[in-house]
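Below: the structure, in structure tokens.
Residue numbers (the working numbering): 3 to 768.
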């Protein structure tokens, strides 16, 4: 990006800047100099976009928004090539906070029990112009990780030979501009703070830190006065903005009367952003007082520290020193003996890191998790490492219904981030915190098991709140204790993508995330959508077609042996064998047979295919034996090297074909000039062998190059096998006249015979 354009964008950011006033001499904010701002610019390398068929085609970008940011602007630049293959298209960009966006461009079905957070998306159109530049602005954004995922429309499924077709290049470049405050006023709990807004067009910003175990937050604004006779009109926004929807709380205050708001379950150990806007008028300066207070939530009821220590000793899988294991336990065990009523019961949980994006949570309890009616039982699931958001969080709940015999009793389970749900009773029980909506599951006597699957969970502390709810006017289960089993873990992919998918670990710089690549017509986030899935019979048919079609090489092998072309016959046998078992191993479904490593089978299949064409054309050239053997061996070595560099390149096959055709054409022209007649001289050789063989080869190349798609691959590629094998049988030249057919078999079987040395004209007994 040019420096002039970068400077212009920064000036635009400052022009649109929301700000507050600086403190005056009397302790109120009113200094005309204004606050101090810091401008920051973040950029990531441009990426080539791909047409979408699975999540791996989407290009992921990760940005870190700093604290105290009041305004950010994404600058999205999309460009395309200048060639005629670059037609109009559109680029879709998805935004998500805290974790990569969960997208579904193909409209497939998600697995059952999966809860998906919506993401904000934007479509950029590339028409006649070569570049599209779009900006996205967001005021008071949430601090932390923001993710962008960009991709082209759905892929057409055509299999294109690399190097034969020219593909259009689409480039996506995101940049992030940030303006943040350097001196944000901090509101202390229980201490009033006076503020003054002198410029109504610029709001005031402040923040307050929410300590851990805060049950409620009481925010109040009072004593509002204006410098003119106009009445005070203020709008207070609590919380930061996220996309596509924000759970910010808005409070409208008019007049000099106090207005307040009570927030349940504020985010623990977070800075809460406060924005105050002056709605009184352009020339009106207002002053007011802000206060905030917290209600502490005292954990308790889970036992003493001694019992907690004993539960650790009873654990069979106690981590050793040096293990990558973290013990997560609420301090309720330390405060259980303190008097007073508690608002939650903590349950010790161990986090055990197993592998990349793979975590297991173990509950330290012999009889399960105890759930009561008076207060919720809270389990802490720490996913705050910064690398946990690229997997799938799975929580499995199982209620032992025999522990509570009331038929209408219900165990409410709520999984929420940043803070647990602390509800006073059944009437007010909901799965919603101050600034977010949790994931709710109910366990009843008729449905005692529940599963919750969350793809790409937000990188934060997650809390599972469990509480027993009884019907009103029923005292049978007030003192009851329900026993529930909780199994929670983080895995790269849900159910390892099933039998019709492959879990792939993707990387964007140092960030790792996982996604499923589906096969056999299956689709969906975890390859569970079988709308267009292939049946087992179709899979069997595809395997049989791709493998048995290689048996058409048998006529070519028999003709080569009959005409004494032993080198060519051995190459055809090699090709038939490895092509058969490569396609048996390459099947996308469950009908698969792999006799050796897949990579080895693929290399041998590609090598045999190209070498078969190479030796066939050299055999048609009918050059001297010594030259033929040199060309066969050297060509095979060069082909093997080329395939090791790039197996899918078009020149791996086109290059040897052109070289062999040049050798064959040179030899034929030389013989024709020397004999003063066309070579081969027999017209029936051209009519019944060469023209049919060339025609079959041309049709095979056309099918291979232009007709193959992912849906018709199993029968178009089978046709390719049949046509190539048939063309080889037609193109093989006749054997030497002085050698009888099948003479090689008699030479291999005889023991003592008199042989003639063609070079020395000598006889020897062997």
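All C-beta atoms in this analysis are idealised placements derived from N, C-alpha and C, irrespective of residue type, glycine included.
At the C-beta level, residue 58 and residue 517 come within 8 Å of one another. Sorting 188, 664, 368 and 574 by C-alpha distance to the C-alpha of residue 488 places 368 at the top. The alpha helix (DSSP H) runs of length 4 or more contained entirely in the segment 527 to 597 are, from start to end of the chain, 538 to 550, 555 to 564 and 568 to 587.
Taking all protein chains in view, the Cβ of residue 679 is surrounded by fewer than 16 other Cβ atoms within 10 Å, so the residue is classified as exposed. Closest option to residue 440, judged by alpha-carbon separation, among 449, 456 and 447: 456. Distance from the Cα of residue 672 is smallest, within the candidate group 383, 623 and 685, for 623. Annotated three-state conformation of residue 299 is coil, per DSSP. The beta carbon of residue 284 sits closer than 7 Å to the beta carbons of 202 from its chain, once the five residues preceding and following it are set aside; these are given in chain order. When the five nearest sequence neighbours on each side are left out, the beta carbons in the same chain lying within less than 8 Å of the beta carbon of residue 484 are those of 372, 373, 374, 401, 402, 405, 406, 411, 413 and 470, in order along the chain. Listed in chain order, the non-local C-beta contacts of residue 616 below 6 Å within the same chain comprise 637, 658 and 662, local neighbours out to five positions each way being set aside. If you draw a straight line from the Cα of residue 204 to the Cα of residue 279, it is about 7 Å long.
Cβ contact annotation for residue 119 (same chain, cutoff 7 Å, sequence separation greater than five): 104, in chain order. For residue 651, the pairing in a beta bridge is given by DSSP as 164. Here DSSP, grouped into helix, strand and coil, assigns residue 631 to helix. With a contact defined as Cβ atoms closer than 8 Å, residue 353 and residue 379 miss out at about 18 Å. Taking every protein chain shown into account, the CB of residue 585 has 16 or more other CB atoms within 10 angstroms, so this residue is buried. Note on residue 685: under 16 other CB atoms within 10 angstroms of its CB, so exposed under the neighbour-count rule. Going by C-alpha positions, residue 536 is about 52 Å away from residue 274.
As computed with DSSP, residue 96 is found in a beta bridge with 123 and 151. Taking every protein chain shown into account, the CB of residue 655 has 16 or more other CB atoms within 10 angstroms, so this residue is buried. Taking 8 Å as the upper bound for CB-CB distance, residue 167 and residue 98 are not in contact here, some 34 Å apart. In the DSSP assignment, residue 266 falls within the unbroken beta strand (DSSP E) covering 261 to 266.
In the three-state DSSP reduction, residue 640 falls in the helix class (H, G or I). In this structure, the straight-line span from the alpha carbon of residue 594 to that of residue 705 is close to 25 Å. Following the DSSP letters along the chain, one finds residue 179 inside the beta strand (DSSP E) bounded by residues 172 to 183. Shown here, residue 143 sits in a strand according to DSSP, grouped into three states.
A straight-line Cα-Cα distance of about 21 Å links residue 438 and residue 66. For residue 92 and residue 155, the gap between their C-alpha atoms comes out near 7 Å. When only Cα atoms are considered, residue 702 and residue 605 end up about 21 Å apart. In the DSSP assignment, residue 610 falls within the unbroken alpha helix (DSSP H) covering 600 to 623. By DSSP's assignment, residue 62 forms a beta bridge with 151. Our two residues, residue 86 and residue 169, have alpha carbons roughly 10 Å apart in a direct line.
Per DSSP, the continuous alpha helix (DSSP H) segment holding residue 696 begins and ends at 693 to 704. Counted as a single uninterrupted DSSP element, the stretch harbouring residue 718 is not any beta strand (DSSP E) but the alpha helix (DSSP H) occupying residues 715 to 733.
In its chain, beyond the 5 residues on either side, 461 have a beta carbon closer than 7 Å to the beta carbon of residue 388. Residues of the same chain with a CB within less than 7 Å of the CB of residue 674, apart from the 5 flanking positions on each side, are 680 and 681 in chain order.
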